[in-house]
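Below is one structure, written out as structure tokens; comments come after it.
In the numbering used here, the protein residues as written are 16 to 733.
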């Protein structure tokens with residue numbers, strides 16, 4: 016039986032570490048969740064899952080290991096001893112670190128007097144924590160500063176006893192307290208820097224520098240040291256530009272609140288708002304590998320990741336071009352989770368991806384495409400990536416999830432802050448792609464419905480200004496003055512087939528509220544509340560059915576007009592039917608030419624529908640002497656392209672591009688969305704050129720009597 020003070024100390028330690036050191040979102044159940052995951056994997060004998068549990072929650076693993084050592088030392092528990100050996104073995108394999116051995120040595124050799132002293136440190140730790148909360152609630156910077164100094168003293172006492180784990184955490188909390196004190200003083204920042212430097216030393220002595228928290232803190236320390244060296248005493252947040260907020264003012268007496276976000280992984284790919292976050296892997300971000308040459312993941316902006324192929328099934332990656340073959344990259348013909356390392360601020364960190372290695376029988380719009388890797392005389396491979404990361408935060412008690420839909424490693428990007436992707440599926444023709452917006456998304460509370468990331472959200476009774484800062488680590492929010500931000504409502508009504516109704520329709524404020532975006536269908540048929548201002552429909556998505564037979568489509572603004580939302584009023588917008596096919600035509604020398612690369616669907620509001628999957632446009636070309644005729648003479652038609660026709664279609668399009676001096680071709684996947692001339696079965700081509708059967712003035716139109724998604728597509732005479 017262990018002495019009573021030691022029992023109390025350990026119980027207090029466990030409670031403290033779970034309540035204080037664990038991040039707020041997961042504090043209540045992080046330890047229990049880790050134990051559940053690890054034990055489940057252990058029962059199945061799944062070594063990989065046990066290692067993943069350690070990698071996902073290394074801090075909880077350290078807490079549990081400390082408990083195991085204490086249990087074994089004081090009780091001689093054989094099961095605890097076996098578990099200690101397993102943890103040390105898996106930890107070494109996971110991180111290559113001797114941290115657990117050092118913790119075991121310290122906890123096994125500690126005496127009763129040291130245990131009593133540690134117990135007293137824990138009690139004083141709680142007092143310092145309470146002192147800091149008092150300083151925050153009563154807006155007393157001096158009290159917050161005293162709490163930070165108390166934490167530093169506790170760190171020194173813990174270090175003297177030999178508990179480097181507890182000492183490092185006291186220093187980390189001290190630095191966090193100092194970082195939040197306003198107004199900022201040089202004295203505070205220098206003390207914060209010194210605390211983080213000692214925190215770094217303790218982690219190095221523990222041989223525990225692989226943790227994500229440590230790496231993030233070191234990136235922050237590097238920035239802090241630079242600011243102090245340059246005389247920039249401020250805390251690192253970018254200065255607001257004059258009039259950045261427009262008419263909106265912050266709530267009097269309010270301050271920016273910071274929430275340190277947690278990172279987790281999605282279990283499987285869920286349908287997103289933007290194309291790179293689709294269920295279909297061929298819509299993900301792609302990297303082309305040619306031969307054995309390394310290739311950078313160019314779309315990833317948070318650091319550099321280089322890929323390399325060393326064998327038929329041997330894919331590698333590294334943090335630089337020189338070491339692109341350092342780490343093994345497991346690729347499979349099904350979406351798979353993985354962590355990829357990269358350098359950031361002088362340290363190696365990780366990012367969670369879904370990866371996909373396509374095959375020679377990829378389904379696209381009911382046909383087969385060959386995306387399979389080759390090895391030998393011609394060596395090439397296409398690899399696809401999608402973000403698997405989720406960041407968690409809370410705003411005034413409401414939980415939020417933030418998702419990196421464009422997979423560039425930068426979270427919290429609004430619709431107007433990132434470049435779009437080029438797409439040939441929106442009727443722009445074969446010469447130039449259309450820019451399609453790509454932005455991040457978020458979820459609120461328990462809702463599974465994604466929302467576009469917005470710099471402005473309403474939480475409770477207040478509109479909040481949001482920012483993601485600190486290398487994607489911190490969500491900053493601040494309430495706006497209700498007197499300066501008045502709300503209105505937008506009601507979008509759909510007219511047309513139910514299956515074609517958009518799942519997402521993004522309304523963006525294009526006036527004062529930069530980065531504000533809302534989903535018109537967030538509340539179903541009910542209006543959505545927005546800050547009064549000037550809005551435009553900038554994006555939409557239709558999700559209909561399950562992949563690969565899903566009839567999806569994207570919506571772009573087209574010729575739709577912006578609209579105003581007035582305070583306290585509801586603006587009603589009607590979109591949808593009637594629909595028609597837009598196209599470009601040329602009449603010359605008694606012939607009419609129409610290319611299906613110029614096709615897209617347009618609705619009554621002027622919105623542009625494209626990338627229509629598994630429900631290709633297969634219209635007829637009609638002519639008439641009378642403009643506005645209800646019908647006309649059919650002189651041609653288009654049909655869906657088949658897999659073996661993609662090659663000839665690509666060649667025909669390539670010749671036209673080459674003749675125009677354009678480099679490169681149209682991606683085969685995009686070509687699978689273009690219908691081809693139905694009359695020429697031997698020469699697949701998007702261009703239809705036919706003789707006009709009438710003399711004199713004629714009018715042409717493209718129509719489809721019945722489309723699977725939109726129903727009747729009316730003719731527009733030109």
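Each residue gets a CB set at the ideal place from its N, CA and C atoms; glycine is no exception.
- DSSP places residue 85 inside the alpha helix (DSSP H), whose first and last residues are 73-90.
- In the structure shown, residue 479 adopts extended strand secondary structure according to DSSP, grouped into three states.
- Secondary structure at residue 70: helix, using DSSP grouped into helix, strand and coil.
- Taking 8 Å as the cut-off, the beta carbon of residue 505 is found closer than this to the beta carbon of residue 543.
- Within the DSSP bridge table, the entry for residue 408 names 415 as partners.
- Spanning the alpha carbons of residue 698 and residue 662 requires a straight line of approximately 10 Å.
- Contact between residue 160 and residue 203 holds, since their C-beta atoms are separated by about 7 Å, short of 8 Å.
- In the DSSP assignment, residue 726 falls within the unbroken beta strand (DSSP E) covering 726-729.
- As for any beta strand (DSSP E) of minimum length 3 sitting wholly inside the segment 304-343, the runs are 321-326, 329-333, ordered along the chain.
- The DSSP-derived three-state label of residue 722 is strand.
- Taking a C-beta distance under 8 Å as the contact criterion, residue 490 and residue 265 do not qualify as a contact pair.
- In chain order, 294, 350, 369, 401 place their CB closer than 7 Å to the CB of residue 284, counting only its own chain and leaving out the 5 sequence neighbours on each side.
- Assigned with DSSP and collapsed to three states, residue 273 falls in strand.
- Per the coordinates, the alpha-carbon of residue 163 lies some 8 Å from the alpha-carbon of residue 143.
- The bridge partners DSSP lists for residue 213 come to none.
- Take the alpha-carbon of residue 332 and the one of residue 324: they are about 8 Å apart.
- Just so you know, the alpha carbons of residue 732 and residue 609 end up roughly 13 Å apart.
- Three or more beta-carbon pairs separated by less than 8 Å are not found between the segment 581-599 and the segment 558-569, which leaves the two stretches without contact.
- Here residue 114 carries a helix assignment [DSSP, helix/strand/coil].
- Taking C-beta separations shorter than 6 Å and ignoring five residues to either side along the sequence, the partners of residue 318 in its chain run 357, 358, 359, following chain order.
- Comparing C-alpha distances from residue 502 to each of 322, 435, 531, 428 shows the shortest one belongs to 531.
- When only Cα atoms are considered, residue 61 and residue 154 end up about 51 Å apart.
- Judged by beta-carbon spacing, residue 311 lies beyond the 8 Å limit of residue 299, meaning their Cβ atoms are not closer than that value.
- Rounded to whole angstroms, residue 681 and residue 675 show a C-alpha spacing of 14 Å.
- For residue 474, the enclosing beta strand (DSSP E) has its first and last residue at 471-474.
- Around the beta carbon of residue 463, fewer than 16 other beta carbons lie within 10 angstroms, which makes this residue exposed.
- As computed with DSSP, residue 509 is found in a beta bridge with 590.
- Residue environment: residue 613 is assigned as buried (16 or more neighbouring CB atoms within 10 Å of its CB, all protein chains considered).
- Between the beta-carbon of residue 186 and that of residue 170 there is about 5 Å, and that keeps the pair under the 8 Å contact cut.
- Annotation for residue 684: the continuous alpha helix (DSSP H) segment containing it runs 683-686.
- The three-state secondary structure of residue 223, taken from DSSP, is coil.
- With a beta-carbon spacing of about 15 Å, residue 399 and residue 289 fall beyond the 8 Å limit used to define contacts.
- With a cutoff of 8 Å on beta-carbon distance, residue 586 and residue 578 are scored as near each other.
- Counting only residues of its own chain and dropping the five nearest sequence neighbours on each side, residue 690 has a CB closer than 7 Å to the CB of 611, 631, 632, 633, 653, 654, 655, 656.
- Where residue 167 is concerned, there is no enclosing beta strand (DSSP E), although the alpha helix (DSSP H) around it starts and stops at 156-176.
- Per DSSP, residue 494 lies in no alpha helix (DSSP H); the unbroken beta strand (DSSP E) holding it starts and ends at 489-494.
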